[in-house]
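Residue numbers (our numbering), protein chains in the order written: chain A, 1 to 717; chain E, 1 to 226.
Ideal Cβ placement from N, Cα and C applies to all residues, glycine included.
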Amino acid sequence: MSFQEHEKQHIEKNVKRKLTDTELQILAAEWSEHCSYKSSKKHLRMLPTTGPNVIVEKGYDSGVLDVGDGFVVTVHIESHNHPSAVEPFGGAATGVGGVIRDILSAGTRPIALFDGLRFGNIENDAHARWLFKNAVSGIADYGNCLGIPTIGGEVEFDDCYKNYALVDVAAVGFGKKSKLIKNHANVDDLVLLIGGSTGRDGVGGSQFASDALEGEDRSAVQIPDPFIEKLIIEAILECRDANCINAMKDLGGGGLSCAISETAESLGIGIELDVKNVHLRESDLSPDEIMISESQERMLIISDPNNLSKIKEICDKFRIQCSVIGTVKEDKMMHVKNGDETIALLPADFVARGPLVDRKKSKPEYLLKLPSFPSSKNEMPFSDILLKLLSSPNIASKHWVFRQYDHEVGIRTVIKPGFNGSVLRLDNGKFLSVKIDGNPKHCYIDPRQGAIGCFEEACRNVVCTGATPIGMVDHLQFGNPEDPEIFWTFMESIEGITDFAKFLNVPCVGGKVSFYNETSEGPIKPTPLIGVLGLIEKSPLLPTPPSNDDVILLVGETKDELGGSEYYEYIHNFIGGIAPKVNFSESKKNMKSVLSLISKNLLKSVHDCSKGGLAIAISELCIFGKIGCKIDLSSSLSFEKMLFSESHSRYILVVNKNNLDAIKSILSDDQCSFSEIGIFSGDQIIFQSDSDSILELRVDKAENNYLNSLGKIIQNG
Amino acid sequence: MKVGVIVFPGSNCDRDMHHVLTDVFKLNAEFFWHEKNLPQDIDAVVLPGGFSYGDRLRAGVIAAHSPIISDVKKLAEKGIPILGVCNGFQILVESGLLPGVLLKNESLNFMCEWTNLIVNNNQTPFTNKLELNQKIPIPIANGEGRYFVDDESLNELKKNNQIVFSYENKVNGSVSQIAGVCNSDGNVVGMMPHPERAAEKAINQIDHKPSSLIFESLIETVGMKN
Numbered sequence: 001m002s003f004q005e006h007e008k009q010h011i012e013k014n015v016k017r018k019l020t021d022t023e024l025q026i027l028a029a030e031w032s033e034h035c036s037y038k039s040s041k042k043h044l045r046m047l048p049t050t051g052p053n054v055i056v057e058k059g060y061d062s063g064v065l066d067v068g069d070g071f072v073v074t075v076h077i078e079s080h081n082h083p084s085a086v087e088p089f090g091g092a093a094t095g096v097g098g099v100i101r102d103i104l105s106a107g108t109r110p111i112a113l114f115d116g117l118r119f120g121n122i123e124n125d126a127h128a129r130w131l132f133k134n135a136v137s138g139i140a141d142y143g144n145c146l147g148i149p150t151i152g153g154e155v156e157f158d159d160c161y162k163n164y165a166l167v168d169v170a171a172v173g174f175g176k177k178s179k180l181i182k183n184h185a186n187v188d189d190l191v192l193l194i195g196g197s198t199g200r201d202g203v204g205g206s207q208f209a210s211d212a213l214e215g216e217d218r219s220a221v222q223i224p225d226p227f228i229e230k231l232i233i234e235a236i237l238e239c240r241d242a243n244c245i246n247a248m249k250d251l252g253g254g255g256l257s258c259a260i261s262e263t264a265e266s267l268g269i270g271i272e273l274d275v276k277n278v279h280l281r282e283s284d285l286s287p288d289e290i291m292i293s294e295s296q297e298r299m300l301i302i303s304d305p306n307n308l309s310k311i312k313e314i315c316d317k318f319r320i321q322c323s324v325i326g327t328v329k330e331d332k333m334m335h336v337k338n339g340d341e342t343i344a345l346l347p348a349d350f351v352a353r354g355p356l357v358d359r360k361k362s363k364p365e366y367l368l369k370l371p372s373f374p375s376s377k378n379e380m381p382f383s384d385i386l387l388k389l390l391s392s393p394n395i396a397s398k399h400w401v402f403r404q405y406d407h408e409v410g411i412r413t414v415i416k417p418g419f420n421g422s423v424l425r426l427d428n429g430k431f432l433s434v435k436i437d438g439n440p441k442h443c444y445i446d447p448r449q450g451a452i453g454c455f456e457e458a459c460r461n462v463v464c465t466g467a468t469p470i471g472m473v474d475h476l477q478f479g480n481p482e483d484p485e486i487f488w489t490f491m492e493s494i495e496g497i498t499d500f501a502k503f504l505n506v507p508c509v510g511g512k513v514s515f516y517n518e519t520s521e522g523p524i525k526p527t528p529l530i531g532v533l534g535l536i537e538k539s540p541l542l543p544t545p546p547s548n549d550d551v552i553l554l555v556g557e558t559k560d561e562l563g564g565s566e567y568y569e570y571i572h573n574f575i576g577g578i579a580p581k582v583n584f585s586e587s588k589k590n591m592k593s594v595l596s597l598i599s600k601n602l603l604k605s606v607h608d609c610s611k612g613g614l615a616i617a618i619s620e621l622c623i624f625g626k627i628g629c630k631i632d633l634s635s636s637l638s639f640e641k642m643l644f645s646e647s648h649s650r651y652i653l654v655v656n657k658n659n660l661d662a663i664k665s666i667l668s669d670d671q672c673s674f675s676e677i678g679i680f681s682g683d684q685i686i687f688q689s690d691s692d693s694i695l696e697l698r699v700d701k702a703e704n705n706y707l708n709s710l711g712k713i714i715q716n717g
Numbered sequence: 001m002k003v004g005v006i007v008f009p010g011s012n013c014d015r016d017m018h019h020v021l022t023d024v025f026k027l028n029a030e031f032f033w034h035e036k037n038l039p040q041d042i043d044a045v046v047l048p049g050g051f052s053y054g055d056r057l058r059a060g061v062i063a064a065h066s067p068i069i070s071d072v073k074k075l076a077e078k079g080i081p082i083l084g085v086c087n088g089f090q091i092l093v094e095s096g097l098l099p100g101v102l103l104k105n106e107s108l109n110f111m112c113e114w115t116n117l118i119v120n121n122n123q124t125p126f127t128n129k130l131e132l133n134q135k136i137p138i139p140i141a142n143g144e145g146r147y148f149v150d151d152e153s154l155n156e157l158k159k160n161n162q163i164v165f166s167y168e169n170k171v172n173g174s175v176s177q178i179a180g181v182c183n184s185d186g187n188v189v190g191m192m193p194h195p196e197r198a199a200e201k202a203i204n205q206i207d208h209k210p211s212s213l214i215f216e217s218l219i220e221t222v223g224m225k226n
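Dropping the structure here:
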């Protein structure tokens, strides 16, 4: 625990006395980067946060979107990177638990989970495999037990995550607008702590997460208990239905210190609490440890004293503990007592609003040194390249992962994981489509365009299901922000995301910033992750396998943008070149046109064209339909660029011949760039140019590599 | 007709099952918390899936000692139709109402995937509208779904026609690819796959009719009365 010089001055200026040890502990937890967002808060304000669907209410830990007919969807995203890098099972599991409680605290039931996972090179690094396997098990164990389906996500491997792990979890909730918790409190209301007992696990977790990962501080990793979490969800929702909750907050990073100060600050109240009333797992916990423990599965509730007996009755039914730890005061102070003794007494807003810092930024040196293209020419046959790419862990099917997740429970899953966005049915007859996307390889080469690209890719994926994007969440993960070069990449990303969000009119309804993602080998690549939620008013476009004679249209332009592609990095081991750039007006035009084609029922299937480029997107469709194709690649670009460039705003349309003219005329009217590139037939994936064959690969061979590669790597231990 | 859906701490398919019984098949279904009593005039009982008691000790074993199980046993003796799905099946096995045990899947992992069931016994209250050997596309979602009995008990099961469903393909290493069994009277049925996840068109794009017949069989047996 240590304070920066400006923080010491801030304390001296505002508190005219020596702080107690407890106060110092509370401030250290709450003013950590993890809890206070001291480096990023000023800049996050640039993101657009309002829109026609957005419901804003004080004190929400999740974004709330109105989906009509009196229903709302809530969404939040979190990561648990440091803990997962030390103890992947527990770290990943508690990451799931934390984000679920954010959804719950708005008064909505969690209905879906999404994970973005990133590890080192699992092909040659046994430790990376161990982290990967155990993080997946941790997520499966926790989500499955709760009965919340994990319906989507992504997995990526890159050397920059060696000895490290990024575990990002997004959760979606659903409920009635009338049952949202309207956070408020009256003087003399009771402050309750519900759920798991407070123990030594996770003490100092938020500080641990606000520094480079050097030691393996296992005591800073929390212990998961999904069974308790399940009981808490049901108990809280019963309390909500019985109108017993005035305000609610999840206990996460910073534990009680953070929950108490932030609740008091956001509601403009004071809270007096006695640590002796907190139910403990270990009787010898010190008051300071109680205040900063990050033990999981705990919720803070503010309730009218008249509702206490009802809340106790509900907690008794589920056999979970409920302690009255304090009361609401008028004085806006955070007052912590240990029996009769006052051990901390500070203004809540002073605690909750840590002093922000201005970080310096400068364009990283490495960007100036990136080579433009590989020094040697490609000499591998394209069919061999395609086969190898299909088995790349970044491209191969993630079936091994998502089959360990219950993605059906809750019986809302209409489009399952593994193909574009996932789709859930809602109780009002509408559908929600969700996708999360990241791309550190693009972001490393061009942090601004890379971040916009992740955003656009997530939008494309929900558009492919027939959904209109209505909101987004962002999770910005970088190295040490005190390094001006890293801070520059952060600023580029957030500015890019802001520009695109404003252009599309898609508000940011939640997010998180995670800095200090570094190991002894250095910082991770910039890794923003974007989740997009889309709404489908009538019915989703269900993925239908392509069949013989179906025509393939490519909407959008393929450009000279191989930088950061899987082709450059996995095949040529080359980092450099020009990363894909989103053309805003092209992006919007293509989204709109594809959506109108879907709504007119003219398309059989739409597939997003992204990682691995056109060659991979077409192969995925062929594998899905167990059918070959014949594609004409004639273009002014070289074949390798046509096949593997990862240019954005591209969609592959699978259409029945009879609809071809109607589709073409709509695309022309909308001034979209498109071309009819081929048909599905036979049992080979064939790319040709003026009837000269460029690439031929049997679909069954492609399928075998695509479906089984990841499982094989894991089996090897 | 009244169907009881039992809720244990950690059940998580209870609301799904209730939705299918009430909203899809228009039955009068009611939740019963595991500490409550079941009315003796109830027409059928369903033990839904989930992770009762977080699967601690062994899946289903703690729930099998819940107060409500003694009522379930009484109803079972009276011949009332009782269905256990997934964790419900595990609880019925642990409480001794059904033979066998459910072990960890051969893959040692949780498995969530669609598979085909084959109907081996269409004489139970939950299968009487299905054809013998009919295929049912249906999802499984479990970590401990590998059905096991010793050879002697297996012969007994076969002799008494107690194997209700089997998997078309090898899925998890179950003995004789068994996916569901019944008691010797045939009124208590347990199955690992989830019929409530396959009985609606919106969430089952393959064919929702065979799974629907599981629920329609119950209606056929007990009759539609409110």
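Of the residues E:I219, E:E216 and E:V85, which one's Cα is nearest the Cα of E:H194?
-> In the second sequence, counting from the first residue as 1, residue 194 of chain E sits at position 194. With distances taken between Cα atoms, E:H194 lies closest to E:V85.
Mind checking if A:L118 is an interface residue toward chain E, Cβ cutoff 7 Å exclusive?
-> Looking up residue 118 of chain A in the first sequence gives position 118. Per the sequence shown, the amino acid found at residue 118 of chain A is Arg instead of Leu. No - not a single Cβ of chain E is within 7 Å of the one on A:R118.
If you measure beta-carbon to beta-carbon, which residues of the region 126-149 of chain A are closer than 7 Å to chain E?
-> A140, N144, C145, L146 and G147
A:S585 to A:E7 span [Cα, whole Å] = Position 585 of the first sequence, counted from the start, is the residue given in the question as residue 585 of chain A. Position 7 of the first sequence, counted from the start, is the residue given in the question as residue 7 of chain A. Going from the Cα of A:S585 to the Cα of A:E7 covers about 45 Å.
Does A:Q4 get closer than 7 Å to chain E when you measure Cβ to Cβ?
-> As a first step, residue 4 of chain A must be located in the first sequence, where it is residue number 4. Cβ-Cβ to chain E under 7 Å: no for A:Q4.
Please list, in chain order, all residues of the same chain as A:I486 whose beta carbon is under 7 Å from its beta carbon, the five residues on each side excluded.
-> Translated into the one-based positions of the first sequence, residue 486 of chain A becomes position 486. Taken in chain order, the residues that qualify are F478, G479, N480 and P523.
From A:V655, A:I290 and A:N601, pick the residue whose C-alpha is nearest to that of A:S547; which is it?
-> Taking the first residue of the first sequence as 1, we reach residue 547 of chain A at position 547. Taking only the C-alpha atoms, the option nearest A:S547 is A:V655.
Answer with buried or exposed for A:H719, where buried requires no fewer than 16 other C-beta atoms within 10 angstroms of its C-beta.
-> Past the boundaries of the shown model lies residue 719 of chain A; chain A is included only from 1 to 717, so the question cannot be answered.
If I'm right that A:P440 touches A:D115 with Cβ under 8 Å, what's the distance once you round it to whole angstroms?
-> As a first step, residue 440 of chain A must be located in the first sequence, where it is residue number 440. As a first step, residue 115 of chain A must be located in the first sequence, where it is residue number 115. About 16 Å separates the two Cβ atoms, so there is no contact after all.
Min CB distance E:I229 to chain A below 7 Å = Absent from the model: residue 229 of chain E. The displayed extent of chain E is 1 to 226, so no value can be given.
Residue closest to A:I679, alpha-carbon to alpha-carbon, out of A:D670, A:L697 and A:C629 = Taking the first residue of the first sequence as position 1, residue 679 of chain A is located at position 679. Comparing Cα-Cα distances from A:I679 to each of A:D670, A:L697 and A:C629, the minimum goes to A:C629.
Tell me, please, whether the CB atom of E:R58 is closer than 7 Å to any CB atom in chain A?
-> For this step, residue 58 of chain E is matched to residue 58 along the second sequence. No, its Cβ sits nowhere closer than 7 Å to a Cβ of chain A.
For A:W488, collect the residues of the same chain with a Cβ closer than 7 Å to its Cβ; drop the 5 residues on either side in sequence, then sort them by chain order.
-> Here residue 488 of chain A refers to the residue found at position 488 when the first sequence is read from its first residue. K361, S362, K363 and P364.
My understanding is that A:L47 touches A:C508, with C-beta atoms under 8 Å, so please give their C-beta distance in whole angstroms.
-> What you label residue 47 of chain A is simply residue 47 of the first sequence in a count that begins at 1. What you label residue 508 of chain A is simply residue 508 of the first sequence in a count that begins at 1. Correct: roughly 4 Å between the Cβ atoms.
Bridge-paired residues (DSSP) for A:E687 | The count along the first sequence starts at 1 and reaches residue 687 of chain A at position 687. What sits at residue 687 of chain A in the sequence shown is Phe, not Glu. DSSP lists A:I631 and A:L695 as partners of A:F687.
Cβ-based contacts, 7 Å cut-off: residues of the region 382-415 of chain A near chain E | R403, Q404, Y405, D406, H407, E408, V409, G410, I411, T413 and V414
Cβ atoms of A:I151 and E:R197: under 7 Å apart, would you say?
-> In the second sequence, the residue the question calls residue 197 of chain E occupies position 197. In the first sequence, the residue the question calls residue 151 of chain A occupies position 151. Cβ atoms of E:R197 and A:I151: not closer than 7 Å.
For E:T221, which residues from the same chain have a beta carbon less than 7 Å from its beta carbon, with the 5 sequence-adjacent residues on both sides left out?
-> Translated into the one-based positions of the second sequence, residue 221 of chain E becomes position 221. P81, P125 and N128, listed in sequence order.
Just by C-beta distance, which residues in the region 180-204 of chain E are closer than 8 Å to chain A?
-> H194, E196, R197, E200, A202 and I203
Express the C-alpha separation of A:T465 and E:L218 in angstroms, rounding to a whole number.
-> By 1-based counting over the second sequence, the position of residue 218 of chain E is 218. By 1-based counting over the first sequence, the position of residue 465 of chain A is 465. Their backbone Cα atoms lie some 36 Å apart in a straight line.
Under a CB-based cut-off of 7 Å, is E:N226 close to chain A?
-> Within the second sequence, residue 226 of chain E is the residue found at index 226, counting from 1. Below a pLDDT of 50, predicted positions are generally treated as unreliable, and E:N226, at 46, falls in that range; the measurement from the model is reported next regardless. Not an interface residue.
Where the beta strand (DSSP E) through E:P139 begins and ends | Position 139 of the second sequence, counted from the first residue, corresponds to residue 139 of chain E. Residues K135 to N142.
Between which two residues does the alpha helix (DSSP H) containing E:L108 stretch?
-> Numbered from its first residue, the second sequence carries residue 108 of chain E at position 108. No alpha helix (DSSP H) contains E:L108, which DSSP labels as neither H nor E.
What residues in its chain sit with their C-beta under 7 Å from that of E:K225, if we drop five residues either side in the sequence?
-> By 1-based counting over the second sequence, the position of residue 225 of chain E is 225. At E:K225, the pLDDT of 46 sits below 50, so the modelled position is not reliable; the number obtained from the coordinates is stated separately. Excluding sequence neighbours, E:K225 sits near M1.
Contact list for E:E113 against chain A, beta-carbon separation under 7 Å = As a position in the second sequence, residue 113 of chain E is number 113, starting the count at 1. By Cβ distance, chain A contributes R403.
Based on Cα-Cα distance, which residue from E:R146, E:G145 and E:N160 lies nearest to E:E152?
-> Stepping through the second sequence from its first residue, residue 152 of chain E is reached at position 152. It is E:N160 whose Cα lies nearest to the Cα of E:E152.
List the residues that DSSP assigns as beta-bridge partners of A:D316.
-> Locating residue 316 of chain A in the first sequence gives position 316, counting from the first residue. A:D316 is not bridged to any residue.
Cβ-based neighbour list, E:V171, same chain, cut-off 6 Å, excluding 5 preceding and 5 following = Translated into positions along the second sequence, residue 171 of chain E becomes position 171. So the qualifying residues of the chain are T115.
Give a yes or no on whether 7 Å exceeds the smallest Cβ distance from E:D23 to chain A.
-> Taking the second sequence and counting its residues from 1, one reaches residue 23 of chain E at position 23. No, because no Cβ of chain A sits closer than 7 Å to the Cβ of E:D23.
Within 7 Å, strictly: CB atoms of A:V555 and A:F419 = Mapped onto the first sequence, residue 555 of chain A falls at position 555. Mapped onto the first sequence, residue 419 of chain A falls at position 419. No, the Cβ-Cβ distance between A:V555 and A:F419 is not below 7 Å.
Proximity test, Cβ basis, 7 Å: E:D16 and chain A | Taking the first residue of the second sequence as position 1, residue 16 of chain E is located at position 16. Taking Cβ atoms only, chain A reaches closer than 7 Å to E:D16, which makes this a yes.
Could you check which residue in E:R146, E:G223, E:L21 and E:N37 has the C-alpha nearest to that of E:F8?
-> Along the second sequence, one-based indexing puts residue 8 of chain E at 8. With distances taken between Cα atoms, E:F8 lies closest to E:N37.
Nearest to A:E646 by CA position, among A:K664, A:L660 and A:A615, is which residue?
-> The residue given as residue 646 of chain A occupies position 646 in the first sequence. Answer by Cα proximity: A:A615.
Exposed or buried, which one is A:R460 when buried takes at least 16 other CB atoms within 10 Å?
-> Walking along the first sequence from the start, residue 460 of chain A turns up at place 460. By the neighbour-count rule (16 or more Cβ atoms within 10 Å), A:R460 is buried.
Taking only runs of the alpha helix (DSSP H) that begin and end inside the region 223-285 of chain A, which ones reach a length of at least 4 residues, in chain order?
-> 226-241 and 255-267
With A:G195 as the anchor, note down where its beta strand (DSSP E) starts and where it stops.
-> Indexing the first sequence from 1 puts residue 195 of chain A at position 195. Looking at the DSSP string, the run of the beta strand (DSSP E) that includes A:G195 is L190 to G195.
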